[in-house]
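Worksheet for the structure shown next.
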Amino acid sequence: MSVELSAAQDAEMFTPSLSSEQQRDLAERLAAFLSQYSRLSDSYIIEFFTEDLWHTLPSAWQPVLQDLSYPQIADLLLDATHGDRRYPSVWPLSLLAFRATAHALAFPRECRRERGRVFGAVKPEEFLENQSQSSLLGHIFRKHVKPKKQHEIRKLGMLVKQLCDQTDCNRVVDVGSGQGHLTRFLSFGLGLSVTAIEADRTLVAVASRFDGQLLWALEKEKRKKNYSSQLPVSQSSPRHVAGWVNPKASWEAFIKQLSTADCLSEGPPTPSGPSKKRLRGSEHHHGSSHEVQTSPSHGSKDSGTRSQDFESPSQPQHSKNEPEEQLSAGNCRQGAPPEENGPPGSPDFVLTGLHACGDLSATLLRHFVNCPHVRGITSVACCYMKITTKENPTPPGLVEPPAPTTSRQESVPSEFGYPMSSWVRGLSGHRLSYKAREGACHAVEDYVRRLREESELLRTHCYRAMLESFIRDTRPDLRRAGIQTIKKAHLLPFTEYARLGLARVGLPPELPLDPERVETMLRQQGRVVVYFTLALLLAPVVETLVLLDRMIYLQENGVESQLVALFDPNLSPRNFVLVALKPPE
């Protein structure tokens, strides 16, 4: 237990900036701890009964955990800040050390100014007046945007603007831009020259349409206020590019792609009236889902930023060293040379990716390190299970190119999404399984709420584990079969749930279920919840190692970085942003 106890003593070590020595020391401790408890992080809760997972726990842990109430599980295991822990029995030191080490090694998930709030509190202050509309974001940027995304684009947008100000650089490339929510805020709200690249052409077309609706709303407001001046569209409209960012391509190919790929913004978007039909569907896209926060040490102006009128932005803000004609790159104008359309050519820019999925985040960091034109980066990652590794170079869900590449692209040697750094690659316990990385994407705060509310949703893991037992009784070869979400499963009796689930894997729905066996397994629901909670306790530790590896990679390439808990984790679980600026030459 030496790894655990020494790490727990360093709980206060985690600051926004770690020295290179601290980074490497922390990575070593993380790898050793996760390697020791890999059985937990690698296990599938649906195999709770088939693999007898409860009895894989240390024998001293089982009796003290099996009778905990759900609120006790939240307070005694998941909530690191809970100040009044009351144990119903004496816990073994090994369990106490496991919990303390997991909390000590993981990066704090709350913003500094939000620490001290009740763990699991639902909404940030900006949504207290209206749960669906941020009070800190102008109404034109809230249209078509869910509360979570409103929170993210406002905070990340302000951070990107801050990096642009620090680098005296007015250009931004938004990778995995989806429907363009972050892009519009950066461009129309903050006056930056933005090129957005997205693999899904449908989403790119939607983004352009939403741009037009925003311009229409601005024109309408100006008429109401009797403004006579025209909106300087040519200086603020974003440029939308349809293209898939190939992780195996070089930075030169990436820059070329930005200038030659299909551009759906042929000239300033025409202001159009409000959409008659609300777009339905996910805000997820080819590799990004934006989230971030401003570093306190950077002097963020984010707290209630109202110094600018985001409701109807006036003249865009330009870099003081660039003439206005050069900054009209926000539009992809017919016949305009690439140099005038954003990052193509040679101008410097800041790179951003909001929830860039899987290897896309790693790819952007490599482009940042290698491309001389990228001055800064804000990287918000997600979908860690889709990261490629040496052990699993083609994980499930890996995004493939939309069509075979016909043109020759300069390529880089085969590199994986994890580990990126030489240091972590050299650690004996650095390997993270697909399941461990998938677990790192779970929302700890949401599960804490379910536990404290004793939600009926907690029974779904037990139901699925029970169903796995009955499936394997009939088909031993059918392991972890994909069963799509059964609507309101937690409200169904297990027999009805099983009938629906069996049919989905091609088994007869009327398969006989032993009632006594069903009851015996249902009585173990509390154990299922405890086991899942123990595995969930490791989720932030796994995420910390993945993100720390990226910080060390940057440090190995001469760039210091900060990992900032930008978003409220209760609203946006993947709330870390990796922020880096290249040192001045």
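When you line the sequence shown up against our numbering, it's residues 8 to 592, in that order.
Glycine residues also receive a C-beta, built at the ideal position from the N, C-alpha and C atoms.
For residue 207, count the other beta carbons within 10 Å of its own beta carbon; 16 or more makes it buried, fewer makes it exposed. Which is it? buried
If residue 359 and residue 553 are in contact, beta carbons under 8 Å, what's the gap, nearest whole angstrom? With a Cβ gap of about 19 Å, residue 359 and residue 553 do not count as contacting.
Write down the C-beta distance between residue 448 and residue 389 rounded to the nearest angstrom, noting that I regard them as a contact closer than 8 Å. 7 Å
Report the three-state DSSP secondary structure of residue 579 (helix, strand or coil). coil
Quick one: using the 10 Å Cβ neighbour count with 16 as the cut-off for buried, is residue 550 buried or exposed? With 16 or more other Cβ atoms within 10 Å, it is buried.
Rank 369, 396 and 116 by C-alpha distance to the C-alpha of residue 560 and give the top, closest one. 369
Does DSSP put residue 123 in a helix, in a strand, or in coil? Model confidence at residue 123 stands at a pLDDT of 49, short of 50, so the residue's coordinates are unreliable and nothing is read from them.
Could you say if the segment 42-60 and the segment 71-88 meet the contact criterion of at least three C-beta pairs nearer than 8 Å? Two segments are said to touch when three or more pairs of C-beta atoms, one from each, lie closer than 8 Å; by this definition the segment 42-60 does not touch the segment 71-88.
On the premise that residue 497 lies in contact with residue 458, defined as a C-beta separation below 8 Å, what is that separation, rounded to the nearest angstrom? That belief does not hold up - the Cβ atoms of residue 458 and residue 497 are roughly 14 Å apart, past 8 Å.
With H, G and I counted as helix, E and B as strand and the rest as coil, what does DSSP make of residue 26? coil
Strictly by DSSP, which residues pair up with residue 586? 385 and 569
In terms of DSSP beta bridges, what is residue 178 paired with? 200
Can we say the segment 384-403 touches the segment 163-176, given the rule of at least three CB pairs closer than 8 Å? yes
Alpha-carbon spacing of residue 570 relative to residue 221, whole angstroms: 33 Å
Cα-Cα, which of 76, 562 and 584 is closest to residue 25? 562
Alpha carbons only, please: which of 201, 584 and 157 is nearest the one belonging to residue 176? 201
Between which two residues does the alpha helix (DSSP H) containing residue 508 stretch? 501-511
Given residue 503 as reference, the closest of 520, 488 and 513 once Cα atoms are compared: 520
According to DSSP, is residue 448 part of a helix, a strand, or is it coil? coil
What's the gap between the Cα of residue 264 and the Cα of residue 397? C-alpha separation (whole angstroms): 28 Å.
Contact set for residue 536: own chain, Cβ-Cβ below 8 Å, skip 5 residues either direction: 77, 80, 458, 465, 468 and 469
Less than 8 Å between the beta carbons of residue 451 and residue 485, yes or no? For residue 451 and residue 485, no; Cβs fall outside 8 Å.
Compare the beta carbon distance of residue 245 and residue 191 with 8 Å and say whether it is the shorter of the two. yes
Residue 192, enclosing alpha helix (DSSP H) - first and last residue: Element bounds for residue 192: n/a, residue is neither H nor E.
Is it buried or exposed for residue 57, if we count other Cβ within 10 angstroms and need 16 for buried? buried
C-beta contact flag for residue 405 and residue 130 at 8 Å: Cβ distance not < 8 Å, so residue 405 and residue 130 don't count as in contact.
Reduced DSSP category for residue 362 - H, G, I as helix; E, B as strand; rest coil: Residue 362 falls in the strand class under three-state DSSP.
Under 8 Å by Cβ, that's how I've got residue 545 and residue 446 pegged, so tell me the actual separation to the nearest angstrom. 7 Å
What do you get for residue 557, buried or exposed, if any count of 16 or more other CB atoms within 10 angstroms of its CB means buried? So residue 557 ends up on the buried side.
Can you list, in chain order, the residues of its chain whose CB lies under 7 Å from that of residue 428, leaving out five sequence neighbours each side? 556, 559, 560 and 563
Given that a residue counts as buried once 16 or more other Cβ atoms are within 10 Å of its Cβ, and exposed if not, what is residue 218? With 16 or more other Cβ atoms within 10 Å, it is buried.
Following the continuous beta strand (DSSP E) through residue 246, name the residue where it begins and the one where it ends. 246-249
C-alpha distance - residue 566 paired with residue 111, whole-angstrom precision: 26 Å
Quick check: what's the CA-CA separation for residue 134 versus residue 575? Taking the straight line from one Cα to the other gives about 12 Å.
Could you tell me the boundaries of the alpha helix (DSSP H) in which residue 218 lies? Residues 208-231.
Using only alpha-carbon positions, find the residue among 422, 431 and 401 that is nearest to residue 441. 401
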